[in-house]
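K.L.:
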Amino acid sequence: MSSPAIVTEHLTKTYGANRGIRDINLTINQGEIFGFLGPNGAGKSTTMRTLLGFMRPTSGSARIFGHDIVTESVAIRHHVGNLPGEFALEDRMTGRQMLKLHADLRGVTDLSYAEELAERLQADLDRPTRRLSRGNKQKIGIIIALFHRPRLVMLDEPTSGLDPLMQETCLDLLLEARQRGQTVFISSHILPEIERVADRIGIIREGELIAVEHTHELTSRTFRHVRIGFADPITSDIITRFHTLDGVDRFDTIEERSLAFQAHGDINEVVRLAARYDLTMLDIERPSLEEMFMRYYNSDSPREATA
Amino acid sequence: MTDSTIAHPGFAAARGISAIDMLATYVRHLLWRHSRGVIFWTIGVTVYSALMILSFPAFEESGSLDVSQYPEAVREAFNLESLSTIEPFLSSQLFNFLPLVLMFIPITAFAGAIVGAEERGALDVLFGTPLPRPVYVIAYWVAVATLMLLMLLTLGIGSWIAAVAIDVDLGLGESLLASLNVFPITMAAGSIGLALSAAVRVRGVAIGVPVALMFLMYLLDILGKLVDELEPFRNLSFFKAYGDALQDGMPWGGAAVLLVIAVALGALAIPLFQRRDIYA
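Those protein sequence lines, which keep their order, are chains A and B.
Just so we're on the same page, our numbering is the position in the first sequence counted from 1, plus 87.
Just so we're on the same page, our numbering is the position in the second sequence counted from 1, plus 2.
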């Protein structure tokens with residue numbers, strides 16, 4: 088088995104008031120997509136920026152492909168493509184000029200993959216970046232991170248500012264990168280997009296890595312908000328039937344013609360039961376990240392963060 | 003397949019790139035990026051100098067260049083013993099204060115290099131590449147120095163052409179030396195800004211401090227000439243080292259001292275930037 092792409096040991100970075108990361112122990116394997124999930128301000132960007140050498144750790148250590156992040160940052164950056172969460176491009180340069188500069192700084196001579204990426208993301212490479220919208224700048228940033236096919240791709244909120252179609256394209260590109268053997272470290276506060284691509288998910292909250300799970304394990308633990316509207320008044324028998332289904336709890340609303348509750352695990356049983364009635368509405372929603380944290384961690388102690 | 007890339011059909015893999023190659027690449031980029039502003043400065047200052055030279059005969063004929071009525075202290079302070087020849091005239095009208103004008107080019111460029119770029123969020127994308135921080139600092143210094151030299155060479159040649167055009171006795175050598183003498187002092191001022199750019203979190207500080215210091219040093223130099231008790235303090239001023247190349251000859255010693263200061267402050271920026279956390 089190949090050595091890990093990223094290993095952190097008690098990685099800590101503190102700055103400002105209550106900001107930073109504490110005691111992060113994490114191993115990311117080569118060839119996997121690792122999703123880093125957490126609300127805004129949880130420490131996702133700080134972790135990535137510390138790994139890339141933008142900030143020096145307060146304590147602890149980390150290695151990327153065996154290179155120390157403090158003393159061998161330049162060697163690491165040869166292997167990494169990076170999309171920062173917040174960034175500015177050179178105003179007067181076009182996307183193509185930016186790409187050429189980055190290619191020259193990396194010694195890359197063939198920009199054919201960059202052209203392919205630009206076509207798939209529908210990025211305008213010929214307009215000065217100051218005239219580009221937020222989403223179009225984001226596309227240039229994604230291309231800069233991917234065009235040289237680095238061993239490790241680190242993307243901080245990559246779909247931010249993209250329209251839904253381009254979000255899908257972006258996630259497809261990451262799946263293709265994994266197929267080629269590249270490692271992808273992606274941060275987001277949006278659970279569904281991480282679920283879609285990540286092999287494993289790390290959850291960070293208030294600077295602490297509180298869990299690392301395989302994606303399917305985390306998904307199975309999540310719940311859905313279910314709201315059902317009935318054409319006819321609800322009887323106590325109907326309530327009892329839903330109440331006794333496995334994984335159904337927390338009846339938030341019981342009204343004359345509607346029910347709202349939370350369903351854990353397999354949602355099919357709920358749908359099958361609901362299908363027996365004449366419905367005016369069936370609404371199934373994912374929980375917000377914060378809700379998921381609350382439910383998930385109120386019942387569980389923090390898990391071992393390393394795989 | 004190289005160490006840093008994943009094999010892919012049709013993909014010409016990355017080759018290794020040395021720090022020297024990266025330095026050359028980034029210097030070229032900076033020359034392009036800052037060239038437009040420097041071209042405007044070059045045109046402005048060269049045209050101003052040419053106009054001053056072209057107007058010299060008119061001033062000479064009108065008799066308004068007679069400074070004998072000026073107080074001696076003033077003449078001494080501004081090196082105005084006589085304006086009857088082009089050298090003192092051009093010194094008084096341009097070169098005596100030119101560093102206070104042109105210093106803004108390196109100071110603003112260097113302030114923008116680190117703290118300014120950090121404020122804009124431009125460092126995060128750039129330092130995703132393998133560009134080492136010391137190479138970045140050196141590239142900035144080299145690029146700005148190159149642009150300053152090109153501008154000052156143009157000024158020197160442009161001034162000489164203007165002098166030749168109206169048959170004023172100004173040699174190419176003295177015109178070039180007078181112009182190039184502005185280089186060490188402006189780069190020293192700029193390098194204060196570069197060191198501060200690496201050390202502070204507010205761009206305005208990296209601009210304001212060197213600008214204020216330069217005006218204070220100019221004042222100190224003038225006062226040192228006027229007040230005997232203050233004369234020793236002129237040694238603290240860059241302007242004593244700058245001297246007056248047109249009237250007194252090229253101050254090689256002073257220029258060398260200022261260059262050493264400029265290089266030392268530029269070098270100081272490297273460890274300061276190396277230790278700096280780059281914030282988003």
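From the three backbone atoms N, C-alpha and C, an ideal C-beta is built for every residue, glycine too.
From residue 98 of chain A to residue 123 of chain B, what distance separates their C-alpha atoms?
P.N.:
Residue 98 of chain A and residue 123 of chain B: Cα-Cα distance of roughly 24 Å.
K.L.:
Are there 16 or more other CB atoms within 10 angstroms of the CB of residue 190 of chain A, so buried, or fewer, so exposed?
P.N.:
buried
K.L.:
For the alpha helix (DSSP H) containing residue 254 of chain A, name the first residue and the last one.
P.N.:
251-266
K.L.:
Counting only beta-carbon separations shorter than 8 Å, does residue 222 of chain A have a partner in chain B?
P.N.:
no
K.L.:
Can you have a look at residue 165 of chain A and say buried or exposed, based on whether 16 or more other CB atoms are within 10 angstroms of its CB?
P.N.:
buried
K.L.:
Taking Cβ positions, are residue 146 of chain B and residue 112 of chain B nearer each other than 8 Å?
P.N.:
yes
K.L.:
Would you mind reading off the limits of the beta strand (DSSP E) that contains residue 276 of chain A?
P.N.:
Neither: residue 276 of chain A is in no beta strand (DSSP E) and is coded neither H nor E.
K.L.:
Tell me, please, whether the CB atom of residue 231 of chain A is closer than 8 Å to any CB atom in chain B?
P.N.:
yes
K.L.:
Output the distance between the C-alpha atoms of residue 132 of chain B and residue 121 of chain A, rounded to the nearest integer angstrom.
P.N.:
Going from the Cα of residue 132 of chain B to the Cα of residue 121 of chain A covers about 23 Å.
K.L.:
Go ahead and pull the three-state DSSP assignment for residue 141 of chain B.
P.N.:
helix
K.L.:
Please list, in chain order, the residues of the region 121-135 of chain B that have any C-beta partner in chain A closer than 7 Å.
P.N.:
Result list: 122, 123, 124, 126, 127, 129, 130, 131, 132, 133, 134.
K.L.:
With respect to the alpha helix (DSSP H) encompassing residue 102 of chain A, which residues constitute its N-terminal and C-terminal limits?
P.N.:
Element bounds for residue 102 of chain A: not the alpha helix (DSSP H) but the beta strand (DSSP E), 93-102.
K.L.:
Per DSSP, what are the beta-bridge partners of residue 340 of chain A in this structure?
P.N.:
A:347
K.L.:
Look at residue 283 of chain B and residue 161 of chain B and say whether their C-beta atoms are less than 8 Å apart.
P.N.:
Absent from the structure is residue 283 of chain B, since the part of chain B shown begins at 3 and ends at 282.
K.L.:
In the DSSP assignment, what are the bridge partners of residue 155 of chain A?
P.N.:
For residue 155 of chain A, which the question treats as bridged, DSSP gives the partners A:150.
K.L.:
What residue does the beta strand (DSSP E) around residue 115 of chain A start on, and which one ends it?
P.N.:
Where residue 115 of chain A is concerned, the enclosing beta strand (DSSP E) stretches over 106-115.
K.L.:
Taking any Cβ of chain A, which residues in the region 249-280 of chain B have a Cβ under 8 Å from it, in chain order?
P.N.:
Here the close residues are 277, 279, 280.
K.L.:
For residue 242 of chain A, name the three-state secondary structure that DSSP assigns.
P.N.:
strand
K.L.:
Please list the partners that residue 176 of chain A has in chain B, where partner means a Cβ-to-Cβ separation under 7 Å.
P.N.:
127
K.L.:
Does the separation of the CB atoms of residue 216 of chain A and residue 172 of chain A fall below 8 Å?
P.N.:
Not a contact, by the Cβ cut-off of 8 Å.
K.L.:
For the alpha helix (DSSP H) holding residue 115 of chain B, just list the boundary residues, first then last.
P.N.:
No alpha helix (DSSP H) contains residue 115 of chain B, which DSSP labels as neither H nor E.
K.L.:
Taking just the CA atoms, how far does residue 95 of chain B sit from residue 105 of chain B?
P.N.:
17 Å
K.L.:
Got a sec: which bits of the region 127-153 of chain A sit with their beta carbon under 8 Å from any beta carbon on chain B, in order along the chain?
P.N.:
Those residues of the region 127-153 of chain A that come within reach of chain B (Cβ to Cβ, closer than 8 Å) are 132, 136, 139, 140, 141, 142, 143.
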